[in-house]
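In this note's numbering, the protein residues as written are 273 to 507.
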Ligand code: URA
């Protein structure tokens, strides 16, 4: 049993201070009865804040800078390492979207299904930035073609930004894409005749890779709210 304001803030709905205000304002119900400040409740209780039902399990949100050699799923039939092994968390968390086995970079892991739906739904426009090392130099014509958009599986993918970082023996290209089709970056370059030999996701919306590869941190409540705001902004 915990104080109600703690349970509400743990759910990620709002801060503890704001939860206290909402309780005082009579906007919180427990099992259909008006809640009082400091009352003890558990996740077994039916808690409603401003008409929204609070999830039983505490929600957790991690930002991982994925290293190479990990699969973005909960289990792998080939017994390869899975990314959830990198995070010290007992709750059943899962990755939001996917990065390939050898792709490095930012990925969110959570047990919040609602946020997962928001971030992976095609109607939510979250820009992701990748740094792709190619197997050769990139031709100027292909840079133009890339900027104009490339047709993949009968649908055009138009990057929001393309920047060639270096173009010596191998090109390194920074590319920002809104959509989330599987292997999209490799397919875009593949369509132009290039192989991606290294791929790193450096940005995910407003989140940047501020942690070393293989490390992770919890998302702040503010960041989680900002991610939820993608839903509002896309309405
Ligand atoms: N595009 C790819 O090709 N691979 C990834 O891992 C992510 C985006």
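Beta carbons: idealized from backbone N, C-alpha and C, even for Gly.
Bear in mind that the values here come from a model prediction, so they are computed numbers and not experimental data.
- Counting of Cβ neighbours within 10 angstroms places residue 295 among the buried residues, the total reaching 16 or more.
- Under DSSP, residue 406 takes part in a beta bridge, and its partners are 468.
- Annotation: residue 300 to residue 388 spans about 26 Å, alpha carbon to alpha carbon.
- If you check the CB distance, residue 312 and residue 383 do not come in under 8 Å.
- Taking C-beta atoms as the reference points, residue 396 and residue 390 count as a pair closer than 8 Å.
- Not a single heavy atom of the ligand URA lies less than 7 Å from the C-beta of residue 472.
- Ranked by how close their Cα comes to the Cα of residue 441, the residues 455, 405, 473, 425 have 405 in first place.
- A distance below 8 Å separates the beta carbons of residue 490 and residue 334.
- Taking the Cα positions, residue 315 is about 28 Å away from residue 355.
- Around the CB of residue 292, 16 or more other CB atoms lie within 10 Å, so the residue is classed as buried.
- Collapsing the DSSP output to three states places residue 440 in coil.
- In the assembly as shown, residue 324 is an exposed residue. Its beta-carbon has fewer than 16 other beta-carbons within 10 Å.
- Look at residue 275 here: in three-state DSSP terms it is strand.
- Around the Cβ of residue 367, a 10 Å sphere holds 16 or more other Cβ atoms; the residue is buried.
- Residue environment analysis places residue 400 among the buried positions, since at least 16 neighbouring C-beta atoms fall within 10 angstroms of its C-beta.
- Excluding sequence positions up to five before and after residue 343, its CB lies within less than 8 Å of the CB of 352, 353, 354, 355, 373, all in the same chain and listed in chain order.
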